[in-house]
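See structure below.
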Amino acid sequence: MKLDILAIAAHPDDVELACAGTLMVHAAQGMKVGVLDLTRGELGTRGTAETREEEAAASAAVMGLSVRENLGIADGFFRNEKAEQLALITAIRKYRPDIVLANAFEDRHPDHGRAARLIADSCWLSGLRKIETTLDGQPQEAWRPSQVFHFLQEKYVEPDFVVDITDVIERKKEAIKCFKTQFLAPAADNEPQTYISSPAFFDGVINRDKTMGKMVGVAYAEGFTTVKMLGIRSFKDLINNVT
Ligand SMILES: [Zn+2]
C-alpha cells in the first residue's frame, strides 16, 4: 500500500504528542497516512510493551490511519547502523511515502535524536538502487521520500513552518489519552508517577500547540523543522491559509 505521509518515531506515543494533529488534518483531506513506530517502548517506566501496543492501536483508530506498524528494534539501544537502516529502508520502500515526519534532532530523550538521524539517513539511502532489500521474498525498488520533516516534541526549537491543527485539537487530545498507562495517570495506581504521567505534562503539550498557533494567528498548530529548503509552486498555497 502506498502512503502519502508516513510518520516514523522512536516510541509509540511520540507521534501522538508531536504530530497527531498534522496527520489527522491530512487524512481528512483524503491523503493516506500511516505511522511506523521504531520500538515497542519496552523500557518505559509505566506500562508494558503489550499495553503500549493496545494503546497504539486504539490511537490509530482515533487518528484515522491507513496503517500502523512497529519495527520492533530495541528501545534505548538501537543505533543508526546498517542493521537498523536496512530494516527501516525495507519499510520505507514498502510504503513509498512522499512525506516522512520524524523525531526532532535534539530532545530530552536521547532515543529521539538518534531516531531522527536514523530516519533521515535511511530515507536517503532508500533511494539508492544498489542497496538491495526484499519483502516477502520479492526484491524491492528504490524509493526516496520527497521531504523529511522533523517534529518538535519536548525541547523547544524554532520551527521552520507550522501546520494549523485547530480543527482537530480535540481529537489529538483523544489520541494522546489512548495511552492510558503513560499520560494523565490516576494518582492512586500502583505504578510510579513520572514526569510524563502528570496533568502538567499533558497541559504542556497542548500549550505548546497554542504557542505554535499564535505565531501564525490560529488557535493551535504543530511545528516542524526541515533540513532541505522548501519550495512552492505558487503563492496561492499561502493565500487565505494562515495569517
Ligand atoms: Zn519518545
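Numbering (the numbering used here), first residue to last: 25 to 267. Ideal Cβ positions, reconstructed from N, Cα and C, are used throughout, including at glycine. The model shown is predicted, which means the values in this text are computed figures rather than measured ones.
Rounded straight-line distance, which links the Cα of residue j to that of residue i
{"i": "G137", "j": "G161", "result": "33 angstroms"}
{"i": "M25", "j": "S90", "result": "9 angstroms"}
{"i": "G100", "j": "E78", "result": "21 angstroms"}
{"i": "M55", "j": "L30", "result": "11 angstroms"}
{"i": "S221", "j": "L208", "result": "5 angstroms"}
{"i": "E215", "j": "R70", "result": "6 angstroms"}
{"i": "A51", "j": "L149", "result": "27 angstroms"}
{"i": "D28", "j": "V59", "result": "11 angstroms"}
{"i": "F129", "j": "D38", "result": "13 angstroms"}
{"i": "P121", "j": "P169", "result": "6 angstroms"}
{"i": "G68", "j": "L62", "result": "14 angstroms"}
{"i": "A81", "j": "T250", "result": "29 angstroms"}
{"i": "K196", "j": "I113", "result": "29 angstroms"}
{"i": "A111", "j": "L159", "result": "10 angstroms"}
{"i": "H133", "j": "A139", "result": "10 angstroms"}
{"i": "K106", "j": "C202", "result": "34 angstroms"}
{"i": "F226", "j": "R92", "result": "23 angstroms"}
{"i": "L181", "j": "R232", "result": "Rather than Leu, the amino acid found at residue 181 in this sequence is Val. C-alpha separation (whole angstroms): 11 angstroms."}
{"i": "A243", "j": "E194", "result": "12 angstroms"}
{"i": "G241", "j": "Y119", "result": "35 angstroms"}
{"i": "I263", "j": "A212", "result": "50 angstroms"}
{"i": "L16", "j": "S83", "result": "The requested residue 16 is not part of the displayed model; the chain covers only 25 to 267."}
{"i": "P223", "j": "S258", "result": "43 angstroms"}
{"i": "H174", "j": "A126", "result": "5 angstroms"}
{"i": "P210", "j": "Q217", "result": "9 angstroms"}
Beta-bridge pairing of residue i - partner residues as DSSP gives them
{"i": "A243", "result": "Note: A243 sits in no beta bridge, so no partner."}
{"i": "V187", "result": "E246"}
{"i": "V91", "result": "G58"}
{"i": "F225", "result": "Looking at the DSSP assignment, F225 forms no beta bridge with any residue, so it has no partner."}
{"i": "F17", "result": "The requested residue 17 is not part of the displayed model; the chain covers only 25 to 267."}
{"i": "T158", "result": "P163"}
{"i": "E63", "result": "A quick correction: the sequence has Thr, not Glu, at residue 63. T63 pairs with I97."}
{"i": "I29", "result": "V57 and I123"}
Neighbourhood of residue i by C-beta distance below 6 angstroms, restricted to the same chain and skipping five residues each side
{"i": "Q164", "result": "R117 and T157"}
{"i": "Q171", "result": "I123"}
{"i": "T205", "result": "R70, G71 and T75"}
{"i": "F102", "result": "E108"}
{"i": "R141", "result": "N104"}
{"i": "E66", "result": "A73 and D99"}
{"i": "G45", "result": "I189, V192, K196 and E246"}
{"i": "D135", "result": "A34"}
Cutoff 7 angstroms; reference residue i; Cβ partners in own chain excluding five residues on either side
{"i": "L41", "result": "Q177, I200 and V229"}
{"i": "E198", "result": "V86"}
{"i": "G247", "result": "L176, P183, V186 and M236"}
{"i": "D131", "result": "G137, Q177, E178 and K179"}
{"i": "S146", "result": "Q109, L112, I113 and I116"}
{"i": "C43", "result": "A31, L125, F175 and E246"}
Close beta carbons around residue i, own chain, < 8 angstroms, minus the five adjacent residues each side
{"i": "V49", "result": "V187, D188, I189, D191 and V192"}
{"i": "K252", "result": "Q171 and V172"}
{"i": "R64", "result": "P36, A73, R76, E77, N94, G96 and D99"}
{"i": "A166", "result": "R117, S150, G151, L152, R153 and I155"}
{"i": "Y219", "result": "F225"}
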